[in-house]
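J.: With the first letter of the sequence shown counted as 1, position 188 gets the number 196 in this note's numbering; the numbers rise by one all the way through.
By construction, the Cβ of each residue, glycine as well, lies at the ideal position given by its N, Cα and C atoms.
What you are looking at is a predicted structure, and each value in this text was computed from that prediction instead of being measured.
Before I ask anything, here is the structure I am working with.
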Amino acid sequence: MKYNLNIKEGGFMKAYVYSFKEEPWNDDCRLAVEGFKKLNIPYTLFSTNEELNKANKKDIIVGGLLITTSRLLDLGIKTPNINYPHELLKYTERKIWESTLKDLYKQKTPFFIKPLDEKLIQAKVINKIEDLDEYTVLDADTRFICSEVVEFVSEYRCFIRYNRLFDVRIYKGNIKDTIDLDVVYKAINDYKTSPKAYVLDFGLTSDGRTILIEFNDGFSLGAYGMDCEKYACFLITRWSELVGSDDPMDYKYPLSSKCETMK
9 MKYNLNIKEG GFMKAYVYSF KEEPWNDDCR LAVEGFKKLN IPYTLFSTNE
59 ELNKANKKDI IVGGLLITTS RLLDLGIKTP NINYPHELLK YTERKIWEST
109 LKDLYKQKTP FFIKPLDEKL IQAKVINKIE DLDEYTVLDA DTRFICSEVV
159 EFVSEYRCFI RYNRLFDVRI YKGNIKDTID LDVVYKAIND YKTSPKAYVL
209 DFGLTSDGRT ILIEFNDGFS LGAYGMDCEK YACFLITRWS ELVGSDDPMD
259 YKYPLSSKCE TMK
């Protein structure tokens, strides 16, 4: 969905949350609403261009990736295309490369692929070349980020805000198979060009290594079970940075150098 907005400057931040049938669009939108309530940030549910036209430049938009990136483009902001920050490549411990769709057919399987434009199609593991057939709707020169396949016994999403580990959530595997947080802290310290809010997914390999799976920007992503207030703060921090406004929540959790218990 494309929104053509009349952008207004100034004003205090409000939240515009995408909705369907007058209810928040999904669980993450519902959680964000609860967080905005706790933070005393006024929010509005929207589902039409006319409703969203009331937003000003500082107002945060919560919805799917297509909606949030469209809003930012209307503001004249192109979201950074970050897949693996160069400072963090050493934490991947595997071969990573870029390829076009047509050249993927020459690769030896298995390998993992993710489109450089995340809005195009989901990432997946290619176990046999025929698995690429579902991508034939794309242009042959569509570019992908690729990597060797690694067996992870557990995978964790690490939320980083203001260069501190803000929260950690397991999304695959057994909680008993924990990652080495010292590795995560070192990665955060090495990422000198980082945005103010982002996530690093780390996994524990079958041979006991903690390695970086991928990077994700912090302006449009799921909560993965994080507390609603922290989730809202996290989204606000990155959104404020992108639109060039002060973070109204920069005083929240200012010294949180330790994360929540992994759960």
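Given a threshold of 16 other Cβ atoms within 10 Å of its Cβ, counted over all protein chains shown, does TRP105 qualify as buried or as exposed?
T.: Burial call: exposed.
J.: Measure the C-alpha to C-alpha separation of PHE119 and TYR143 and round it to an integer number of angstroms.
T.: Between PHE119 and TYR143, the C-alpha separation is close to 15 angstroms.
J.: Taking 9 angstroms as the cut-off, decide whether the C-beta atoms of THR201 and GLU31 are in contact.
T.: Contact flag unset, no.
J.: Is LYS238 helix, strand or coil by DSSP?
T.: If DSSP states are grouped into helix, strand and coil, LYS238 belongs with the helices.
J.: Using the Cα positions of VAL157 and LEU74, report the straight-line distance between them to the nearest angstrom.
T.: Going by the C-alpha atoms only, they are around 28 angstroms apart.
J.: Buried or exposed for ILE137, going by 16 or more other Cβ atoms inside 10 Å?
T.: Exposed is the call here.
J.: Using C-beta distances below 7 angstroms, list every residue in its chain close to TYR11, excluding the 5 sequence neighbours before and after it, in chain order.
T.: For TYR11, the pLDDT reaches just 33, beneath the cut-off of 50, and the residue's location in the model is therefore unreliable, although a value from the coordinates is still provided. So the list reads ASN57, LEU60, SER78, ARG79, ASP82, once near-sequence residues are dropped.
J.: Got a sec? Which residues, its chain only, sit under 7 angstroms from PRO203 by beta carbon, not counting five neighbours each side?
T.: Closer than 7 angstroms at Cβ, skipping near neighbours: ASP225, GLY226, ARG246, GLU249.
J.: Among CYS37, GLY72, TYR51, which one has its Cα closest to the Cα of MET21?
T.: Comparing Cα-Cα distances from MET21 to each of CYS37, GLY72, TYR51, the minimum goes to TYR51.
J.: So the candidates are THR76, ASP111, TYR92; which of them puts its Cα closest to the Cα of ALA148?
T.: Nearest option by C-alpha distance: ASP111.
J.: Ordered along the chain, which non-local residues of its own chain (more than five positions away) have a Cβ less than 7 angstroms from that of PHE28?
T.: Hits under 7 angstroms: SER55.
J.: Over what stretch of residues does the alpha helix (DSSP H) that includes GLU59 continue unbroken?
T.: Where GLU59 is concerned, the enclosing alpha helix (DSSP H) stretches over 57 to 60.
J.: I'd like to know whether the C-beta atoms of TYR92 and LEU220 end up nearer to each other than 9 angstroms.
T.: Their beta carbons are under 9 angstroms apart, which means TYR92 touches LEU220 by this criterion.
J.: Assuming LEU128 and LEU146 make a contact with CB atoms under 8 angstroms, what is their CB distance in whole Å?
T.: That belief holds up - the Cβ atoms of LEU128 and LEU146 are roughly 6 angstroms apart, short of 8 angstroms.
J.: In three-state terms, what does DSSP make of ILE68?
T.: The answer is strand: DSSP assigns ILE68 an E or B state.
J.: Note the first and the last residue of the continuous beta strand (DSSP E) segment covering GLU106.
T.: Where GLU106 is concerned, the enclosing beta strand (DSSP E) stretches over 104 to 108.
J.: On the criterion of 16 or more Cβ atoms from any shown chain inside 10 Å, does LYS266 qualify as buried, or is it exposed?
T.: Because LYS266 sits at a pLDDT of 44, beneath the cut-off of 50, its placement in the model cannot be relied upon, and the following sentence gives the value as read from the coordinates. Burial call: exposed.
J.: Could you give the first and the last residue of the continuous beta strand (DSSP E) run that contains PHE227?
T.: Element bounds for PHE227: n/a, residue is neither H nor E.
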